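I have placed the structure first, in the form of structure tokens, so that the comments after it can refer back to it.
In structure tokens:
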């Protein structure tokens, strides 16, 4: 039990029977089973449910769904975990706050972020430091790191596809310089910048684990260390510095823009100018 609980193939069918016996409404049962299938697909071939895996799934939900949907899906998952005898694995709901972005009660501060980046650099973990800087300086989701390519360094703009639409993400000049030094040092001539030794894009779960491993040495509360908190920090810092929700929504991809939206040169230049003032990237020697 200490290593988690097994999710068998028939577990969902048994859970459906359990819900019917409890006289849950048909719509509720359908919703719960749909949510559990989402979790099942997230697990991939691994069928052992652990707390670490659940936290990674929660982080993934926050990246891809509205907070109200996340909490609804967590409620279904918690019911399922309770059914499987895994009450101790149940996840806490996301607290909704009256801000542009909602999330965990414990938000990462800029000082926390700086310590994490500096600790990673001091330990020679340049890739990790640059991934954190990239997420925090642009507001992208951890799953969107794969769109940062050698080719995107030439224009300083990253074309991101998410939730059925494209958006253009401006890259701060200092970040572009740091990434350019990094790809030259690593001999990366084309394609994705942040990759594993096998050449595949970095996995969100591995990035989260790497960030967590810095907590003690960086003196940062591990409960604050989630990739999505870097996105939150960017949003808070950008809004505090510019008081411009429209530009922020465009950068984060929270607007209702269609993929045909025209990004004018003037707007992009305003975005870049605003981002350059946020002090979220330091000049590093990556050689």
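In our numbering, the protein residues as written are 124 to 410. In this text, a Cβ means the ideal position worked out from N, Cα and C, and glycines have one as well. Since the model is a prediction, treat every value here as computed from it, not as a measurement.
Less than 7 Å between C-beta atoms, sequence neighbours within five positions excluded: which residues of the same chain meet that for residue 273? As a working note, residue 273 is residue 150 in the chain shown. Hits under 7 Å: 306, 311, 312, 313, 314, 316.
Of all the options 231, 256, 150, 347, which has the alpha carbon lying nearest to the alpha carbon of residue 102? The requested residue 102 is not part of the displayed model; the chain covers only 124 to 410.
Test item: CB-CB of residue 207 and residue 128 under 8 Å: If you number the chain shown from 1, residue 207 lands on position 84. If you number the chain shown from 1, residue 128 lands on position 5. In this structure, residue 128 lies closer than 8 Å to residue 207 by Cβ.
Could you pull out every residue in the same chain whose Cβ sits closer than 7 Å to the Cβ of residue 193, ignoring the five residues on either side in sequence? Numbered from its first residue, the chain shown carries residue 193 at position 70. 184, 185, 217.
Residue 114, buried or exposed, once every other Cβ within 10 Å from all chains shown has been counted against 16: Residue 114 is absent from the model: the chain starts at 124 and stops at 410.
For residue 160, the nearest candidate out of 139, 260, 355 (CA to CA): As a position in the chain shown, residue 160 is number 37, starting the count at 1. Of the candidates 139, 260, 355, the one whose C-alpha sits nearest the C-alpha of residue 160 is 139.
Within its chain, find whatever has a CB closer than 8 Å to the CB of residue 136; leave out the 5 residues flanking it on each side and keep chain order. The residue given as residue 136 occupies position 13 in the chain shown. Around residue 136: no qualifying Cβ.
May I have the straight-line CA-CA distance separating residue 278 from residue 353, to the nearest angstrom? Within the chain shown, residue 278 is the residue found at index 155, counting from 1. Within the chain shown, residue 353 is the residue found at index 230, counting from 1. Rounded to the nearest angstrom, the two C-alpha atoms are 24 Å apart.
Under the rule that 16 or more other beta-carbon atoms within 10 Å means buried, what is residue 331, buried or exposed? The sequence position of residue 331 within the chain shown is 208, counting from 1. Buried, since its Cβ has 16 or more Cβ neighbours within 10 Å.
Please report how far the alpha carbon of residue 181 lies from the alpha carbon of residue 172, in whole angstroms. Position 58 of the chain shown, counting from 1, holds the residue named residue 181. Position 49 of the chain shown, counting from 1, holds the residue named residue 172. Roughly 13 Å between the two C-alpha positions.
Go through the region 241 to 326 residue by residue and report every complete run of the alpha helix (DSSP H) that reaches 4 residues or more, in order. 249 to 261, 273 to 278, 296 to 309
Out of 202, 187, 358, 149, state which residue places its alpha-carbon closest to the alpha-carbon of residue 134. Along the chain shown, one-based indexing puts residue 134 at 11. Nearest C-alpha to residue 134: 202.
Only counting the same chain, and skipping five residues up and downstream in sequence, which positions put a Cβ closer than 6 Å to that of residue 334? Taking the first residue of the chain shown as 1, we reach residue 334 at position 211. The answer, listed in chain order, is 348.
Between the alpha carbons of residue 346 and residue 375, how many angstroms are there, rounded? As a first step, residue 346 is located in the chain shown; it is residue number 223 there, counting from the start. As a first step, residue 375 is located in the chain shown; it is residue number 252 there, counting from the start. Approximately 23 Å between the Cα atoms of the pair.
Along the chain, where does the alpha helix (DSSP H) that runs through residue 339 open and close? Translated into positions along the chain shown, residue 339 becomes position 216. Looking at the DSSP string, the run of the alpha helix (DSSP H) that includes residue 339 is 338 to 341.
Quick one: does the C-beta of residue 304 sit closer than 7 Å to a heavy atom of the ligand ADP? Of ligands this structure carries none, so the ligand ADP is not represented either.
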